[in-house]
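Protein chains in written order, with our numbering: chain A, 231 to 439; chain B, 95 to 735. Positions of the beta carbon are idealized from the N, C-alpha and C atoms, including for glycine. Written out below as structure tokens is the structure these notes cover.
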Amino acid sequence: MRLRVAFSKQGALRYIGHLDLHTLLERAARRAALPLVYSQGFHPAPKIQIAAALPLGFSSRAEMADLWLSEDRDLVSLRADLQSALPRDIQILDVQQADDRAPALQTLVVAAEYEATIPDEFASDLTSRLAALMEAESLPRVRRGKTYDLRPLIESLEAAPAEGSGETRVLLRLAAREGATGRPDEVLAALGIPPESARVERIRLIFRD
Amino acid sequence: MLTPEQIETKLDRILLKVQKPGRYVGGELNSVVKDWDSADVRVALVFPDIYDIGVSNVGLKILYDQVNQRGDALAERAYAPWTDMEALMRAEGIPLYALESKRPLSGFDLVGFSLPYETLYTNALNLLDLAGIPLRAGERGAEHPIVIAGGHSTINPEPMHAFMDAFVIGEGEEVIHDIINVLKLRNTQYAVRDDLLLALAKIPGVYVPRFYQPHYMDDGTIARVETLAEGIANPVVKRIVAKLPPPPTKFIVPNIEVVHNRASVEITRGCTRGCRYCHAGMITRPVRERRVDEIVAAAREAVRSTGFEELALLSLSSSDYTHIEELVAAIGEEFKDEKLTVSLPSLRIESVSIDLVDKLRGRRGSGFTLAPEAATERMRRIINKFISDEDIINTTREIYRRGWTNIKLYFMIGHPSETLEDVQAIADLCKRVIAEGRKVAGMKVKLHAGVSTFVPKPQTPFQWVSCDTRENILAKQALLKRELRDRNIKLSWTKPEDTLLESFLSRGDRRLAEVIFTAWKNGAKFDAWEEHRRFETWMSAFAEHGLDPAFYTHRPRRADEIFAWDHITAAVRKKYLFQDFRRSLEGHIRVDCRLNCYACGILPTFADLRRDNPGEGWKCPDVKSPRKADVSDRGQPLAIR
Chain A
231 MRLRVAFSKQ GALRYIGHLD LHTLLERAAR RAALPLVYSQ GFHPAPKIQI AAALPLGFSS
291 RAEMADLWLS EDRDLVSLRA DLQSALPRDI QILDVQQADD RAPALQTLVV AAEYEATIPD
351 EFASDLTSRL AALMEAESLP RVRRGKTYDL RPLIESLEAA PAEGSGETRV LLRLAAREGA
411 TGRPDEVLAA LGIPPESARV ERIRLIFRD
Chain B
95 MLTPEQIETK LDRILLKVQK PGRYVGGELN SVVKDWDSAD VRVALVFPDI YDIGVSNVGL
155 KILYDQVNQR GDALAERAYA PWTDMEALMR AEGIPLYALE SKRPLSGFDL VGFSLPYETL
215 YTNALNLLDL AGIPLRAGER GAEHPIVIAG GHSTINPEPM HAFMDAFVIG EGEEVIHDII
275 NVLKLRNTQY AVRDDLLLAL AKIPGVYVPR FYQPHYMDDG TIARVETLAE GIANPVVKRI
335 VAKLPPPPTK FIVPNIEVVH NRASVEITRG CTRGCRYCHA GMITRPVRER RVDEIVAAAR
395 EAVRSTGFEE LALLSLSSSD YTHIEELVAA IGEEFKDEKL TVSLPSLRIE SVSIDLVDKL
455 RGRRGSGFTL APEAATERMR RIINKFISDE DIINTTREIY RRGWTNIKLY FMIGHPSETL
515 EDVQAIADLC KRVIAEGRKV AGMKVKLHAG VSTFVPKPQT PFQWVSCDTR ENILAKQALL
575 KRELRDRNIK LSWTKPEDTL LESFLSRGDR RLAEVIFTAW KNGAKFDAWE EHRRFETWMS
635 AFAEHGLDPA FYTHRPRRAD EIFAWDHITA AVRKKYLFQD FRRSLEGHIR VDCRLNCYAC
695 GILPTFADLR RDNPGEGWKC PDVKSPRKAD VSDRGQPLAI R
């Protein structure tokens with residue numbers, strides 16, 4: 231049976247990476263006594279797919295992973311078992327059964343939405359800076375020694391005041407296809423906002439039909 | 095003092111600038127976050143190396159469990175930040191904090207350091223400094239935590255005496271409760287720090303250095319150690335538990351990759367083999383074993399509560415566990431349907447060991463580790479680890495034949511009276527092992543020879559011998575490098591500087607404290623890490639204090655010398671150790687003490703404990719004599735029970 235689990239990732243777990251999340255899910259499944267399906271061979275690995283890597287430091291209320299089990303289980307009790315086996319900073323939002331023959335989860339993701347909360351000191355004339363960025367022809371950036379164009383990875387940008395907090399929210403919709411993934415921290419930097427001053431949360435993954 | 099919220103806000107700004115921020119945030123499964131205000135005594139347990147190394151430390155895990163099981167106390171954890179994080183913490187004014195509550199360590203009642211090895215000493219100083227706690231015990235006042243250290247290296251606490259309020263000598267499971275019970279009275283009965291320390295000093299197994307005063311002879315050795323208070327022990331005898339308590343099972347599950355990412359169950363404590371170089375084997379006596387059913391139940395619960403993919407069955411010598419075959423069968427049966435790797439370290443060099451590991455293999459590892467330690471008969475007699483070349487060849491051949499491609503053999507150079515011939519024999523043995531392996535398994539077989547250098551340790555039969563010189567060590571290593579050029583033999587070794595550092599810290603006296611302080615002040619820390627090697631800093635610290643490192647490393651000790659650590663005892667008598675040292679010089683083997691009690695001193699010291707726990711649990715003989723107290727009460731000896 232192929233499970234599709236939607237979950238949030240908050241608090242201390244913002245600081246763990248993609249591979250570590252993989253191990254975390256494997257161990258949680260084992261604690262919950264879920265019969266994971268393992269690969270054959272010298273070093274058997276559990277069959278777990280995570281939809282899209284989340285950059286270190288960002289929280290999320292929209293993560294998704296597929297886990298394969300060797301036998302069918304009742305989804306309601308499974309969800310309760312898995313939740314109690316997870317660290318407190320991961321909350322399950324939904325568990326569904328997925329079609330066994332569906333393509334790998336990673337290949338289905340096309341975009342992701344982020345909400346960045348920034349201090350007001352960086353909020354003046356934000357709207358015009360957002361517009362300027364959207365109007366740019368290209369935004370050449372260097373990451374890990376390679377040049378790439380950030381602009382086509384930005385699908386939309388929008389500013390919204392956060393109620394009464396003295397902070398401002400920026401909503402970013404960025405491409406998240408394999409080999410073409412926009413990073414919210416790079417967009418913030420392009421807007422003149424130091425990424426470490428912002429709190430960034432992934433709020434939605436967008437899948438192709 | 096910063097609040098947890100202030101610390102978290104500051105952390106958020108810096109964590110993305112450091113490698114592996116997951117080290118600094120806590121939030122692991124099975125970590126215990128208790129209500130701060132409802133605890134009378136708050137304990138911070140510190141492993142003074144990075145999280146990746148410290149988080150799996152079993153000693154601290156035991157203490158964490160013991161304290162957190164109490165309703166009136168809480169225990170949290172802290173580790174050494176790596177240098178990138180430390181620099182940012184200092185720049186941002188973030189003190190060392192505990193991972194659970196994010197409270198500064200200076201706000202705890204007790205800060206407990208684990209010091210299993212000497213190269214952590216400078217880190218301990220660095221962490222006190224980062225915590226804003228005065229480094230010297232004498233500079234701490236009513237507002238500061240009590241700082242205590244324990245762990246194997248503290249069987250000679252003297253080099254660190256200036257920085258710790260107290261040391262725990264021996265095993266911590268029971269004494270931690272005695273300490274907490276005293277700390278509970280801090281605001282009432284023991285408001286004056288000296289009174290509190292004196293109360294701690296009266297707990298069996300607790301050493302409070304300020305109540306002991308060494309006097310030196312003209313040659314720099316110890317004349318005597320005077321006690322400065324009434325009612326405190328001299329010597330301080332280590333604490334042991336008579337019966338191993340239920341092992342911890344709710345291991346903290348790190349969210350990031352760490353060393354020893356696994357659950358473990360201690361199957362035995364202590365060792366009966368009596369290898370003369372082995373610090374652990376001498377100071378962790380007597381051997382106490384857990385029952386098979388208790389081990390299997392703990393293993394089941396540990397795997398269930400952690401989801402770890404690996405289980406380690408810990409002991410100093412797995413093969414010597416009385417019921418090892420039964421245990422391995424039971425573990426194999428218990429986990430037969432699960433993807434679990436079970437490791438069984440420290441196996442004897444015999445084919446039975448291969449059968450044991452064979453039965454345990456789930457996810458199959460590709461390496462097999464054995465520790466012959468020496469390669470000539472003469473040297474094996476000296477160190478009391480007698481294995482014949484034929485046993486080594488037959489066992490390794492069989493390991494290769496059964497499909498392992500990598501064997502790791504541990505050797506030591508620098509044993510007492512070692513010559514270049516003894517070292518040559520190591521190279522010859524390695525070559526034979528790989529040649530024989532090729533006969534049964536072809537050219538793909540590999541050998542890793544890990545050749546470390548012997549460091550004479552306090553409270554062992556070799557505490558009288560001098561450490562090998564830098565020149566000798568280099569010559570011996572050059573020989574091995576020259577001889578072992580086979581591309582399928584990997585050789586690793588210890589730099590002589592690291593050996594010498596460990597050597598002077600191991601057998602240091604109180605004067606070493608100033609050397610440690612100065613070395614730390616001038617930048618020494620993470621001394622176990624190659625990239626932080628600062629031997630010159632240490633040498634200039636010695637020079638600054640007018641001390642000669644050779645006094646501690648290379649000086650052969652007089653037979654009647656009073657050692658700096660003689661007022662501390664692991665309950666193996668000095669006379670016994672000296673006799674064993676003499677036997678070593680004569681090439682006499684001492685067999686496993688399960689077969690023949692050599693009266694090392696454990697039984698007379700712990701006669702009452704043994705008497706109350708007769709039978710299988712201990713590997714020492716039963717004690718049938720009456721209690722001393724009973725004798726005096728009744729005026730005549732009781733009949734033997």
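Legend entry - For GLU136/B, three-class secondary structure by DSSP: With the sequence shown as reference, residue 136/B is identified as Arg, and Glu is not the correct amino acid for it. ARG136/B falls in the strand class under three-state DSSP.
Inset, instruction - Kindly list the residues whose CB is nearer than 8 Å to the CB of PRO329/B, restricted to its own chain and excluding five residues on each side of it in sequence; keep chain order. - result: Contacts found: ASP660, HIS661, ILE662, THR663.
Legend entry - C-beta neighbour in chain A for PHE462/B, strict 8 Å: Among the CB atoms of chain A, none fall inside 8 Å of the CB of PHE462/B.
Legend entry - Under 8 Å between C-beta atoms of LEU225/A and LEU299/A: An answer regarding residue 225/A cannot be provided, because it is not within the stretch 231 to 439 covered by chain A.
Inset, instruction - Less than 8 Å between the CB atoms is what I'm expecting for ALA361/A and ALA406/A, so what's the real figure, rounded? - result: Between ALA406/A and ALA361/A the Cβ distance is about 23 Å, and since that is not below 8 Å, they are no contact.
Inset, instruction - Using a Cβ cut-off of 8 Å (strictly closer), state whether ILE278/A contacts chain B. - result: Residue-level contact by beta carbon fails for ILE278/A and chain B, as no gap is shorter than 8 Å.
Inset, instruction - Thinking LEU380/A and LEU369/A are a contact (beta carbons under 8 Å), I'd like their distance in whole angstroms, please. - result: By a beta-carbon distance limit of 8 Å, LEU380/A contacts LEU369/A. Their separation comes to about 4 Å.
Inset, instruction - Taking only beta carbons into account, state which residues of the stretch 312–339 of chain A come closer than 9 Å to chain B, listed in chain order. - result: Against chain B - using a Cβ distance shorter than 9 Å - the residues of the stretch 312–339 of chain A are ALA315, LEU316, PRO317, ARG318, ASP319.
Legend entry - Backbone CA spacing between PHE657/B and ILE316/B [nearest angstrom]: Going by C-alpha positions, PHE657/B is about 6 Å away from ILE316/B.
Legend entry - Where SER289/A falls, given that 16 or more other Cβ within 10 Å makes a residue buried: Under this definition SER289/A is a buried residue.
Inset, instruction - Please state whether DSSP places MET506/B in a helix, a strand or coil. - result: For MET506/B, the secondary structure class from DSSP, reduced to helix, strand or coil, is strand.
Inset, instruction - Could you name the residues of chain B that LEU233/A contacts, counting a contact when the two beta carbons are closer than 9 Å? - result: Ordered by position in chain B, no residue passes the 9 Å Cβ test against LEU233/A, which lies about 17 Å from the chain.
Legend entry - Simplified DSSP assignment, three categories, for GLY736/B: Nothing in the structure corresponds to residue 736/B, since chain B is present only between 95 and 735.
Inset, instruction - Taking only beta carbons into account, state which residues of the stretch 377–405 of chain B come closer than 9 Å to chain A, listed in chain order. - result: Against chain A - using a Cβ distance shorter than 9 Å - the residues of the stretch 377–405 of chain B are VAL397, ARG398, SER399, THR400, GLY401, PHE402, GLU403.
Legend entry - Selection of the stretch 144–167 of chain B by Cβ proximity to chain A, strictly under 9 Å: Going along the stretch 144–167 of chain B in chain order, one finds no residue with a Cβ nearer than 9 Å to chain A.
Inset, instruction - Please name the residues in the stretch 466–492 of chain B whose beta-carbon is closer than 7 Å to at least one beta-carbon of chain A, in chain order. - result: The stretch 466–492 of chain B vs chain A, Cβ under 7 Å: nothing.
Legend entry - PRO708/B vs CYS691/B beta-carbon contact at 8 Å: Contact: no.
Legend entry - Coil, strand or helix - GLY779/B by DSSP: Shown here, chain B extends from 95 to 735; a query on residue 779/B therefore has no answer.
Inset, instruction - Quick one: residues in its chain with C-beta nearer than 6 Å to the C-beta of PHE261/B, no 5 flanking neighbours on either side, listed in chain order? - result: Closer than 6 Å at Cβ, skipping near neighbours: ALA243, THR248, PRO251, TYR301.
Inset, instruction - Consider the Cβ of ARG184/B: report whether some Cβ of chain A lies at a distance smaller than 8 Å. - result: Using a CB distance cut-off of 8 Å, ARG184/B does not count as an interface residue toward chain A.
Legend entry - Backbone CA spacing between SER314/A and GLU345/A [nearest angstrom]: Those two C-alpha atoms are separated by around 28 Å.
Inset, instruction - Report all residues from its chain with a CB closer than 6 Å to the CB of TYR145/B; omit the five preceding and five following residues, and keep chain order. - result: The residues are ARG117, TYR173.
Inset, instruction - For the stretch 232–251 of chain A, enumerate the residues whose C-beta is nearer than 7 Å to any C-beta of chain B, in chain order. - result: Contact residues of the stretch 232–251 of chain A toward chain B are GLY241, ALA242, LEU243, TYR245, ILE246, ASP250 (C-beta to C-beta distance below 7 Å).
Inset, instruction - Give me the Cα-Cα distance between TRP718/B and ARG705/B, rounded to the nearest whole angstrom. - result: Rather than Trp, the amino acid found at residue 718/B in this sequence is Lys. The alpha-carbon separation between LYS718/B and ARG705/B amounts to approximately 7 Å.
Inset, instruction - Determine the contact status of GLY364/B and ARG382/B, defining contact as a CB-CB distance below 8 Å. - result: Yes, the pair counts as a contact, with Cβ atoms nearer than the cut-off.
Legend entry - Opposing strand residues paired with PHE462/B [DSSP bridges]: In DSSP, PHE462/B forms a bridge with ILE501/B.
Inset, instruction - Kindly indicate which residue of LYS453/B, LEU410/B, LEU408/B, GLU624/B has the alpha-carbon position closest to the one of GLU420/B. - result: Put simply, of LYS453/B, LEU410/B, LEU408/B, GLU624/B the residue whose alpha carbon is nearest the alpha carbon of GLU420/B is LYS453/B.
Inset, instruction - Rank ALA332/A, LEU254/A, VAL340/A, LEU286/A by C-alpha distance to the C-alpha of LEU312/A and give the top, closest one. - result: Distances from the alpha-carbon of LEU312/A to those of ALA332/A, LEU254/A, VAL340/A, LEU286/A put LEU254/A closest.
Inset, instruction - Anything in the stretch 427–442 of chain B with a Cβ closer than 7 Å to a Cβ of chain A? List those residues in chain order, please. - result: Those residues of the stretch 427–442 of chain B placed with their C-beta closer than 7 Å to a C-beta in chain A are LYS433, ordered along the chain.
Legend entry - Buried/exposed call for GLN271/A, threshold 16 Cβ in 10 Å: Inspection of the sequence shows that residue 271/A is occupied by Gly rather than by Gln. GLY271/A comes out exposed.
Inset, instruction - Determine, using beta carbons only, whether GLY121/B comes closer than 8 Å to chain A. - result: Yes, because at least one Cβ of chain A sits closer than 8 Å to the Cβ of GLY121/B.
Inset, instruction - Answer yes or no: do LEU168/B and ALA225/B have a C-beta to C-beta separation smaller than 8 Å? - result: No, they are not a contact pair.
Legend entry - Test: VAL286/B CB closer than 8 Å to a CB of chain A: Not an interface residue.
Inset, instruction - Pull up the CB-CB distance for PRO142/B and ALA218/B, whole angstroms please, since I reckon it's below 8 Å. - result: About 5 Å separates the CB atoms of PRO142/B and ALA218/B; that is less than 8 Å, so the two are in contact.
Legend entry - ALA258/A: contacting residues in chain B (beta-carbon distance under 7 Å): Scanning chain B for C-beta atoms nearer than 7 Å to the C-beta of ALA258/A yields GLY401, reported in chain order.
Legend entry - Nearest candidate by alpha-carbon position, reference MET473/B, set GLY375/B, ILE501/B, ARG370/B, GLY461/B: MET473/B has its Cα closest to that of ARG370/B, out of GLY375/B, ILE501/B, ARG370/B, GLY461/B.
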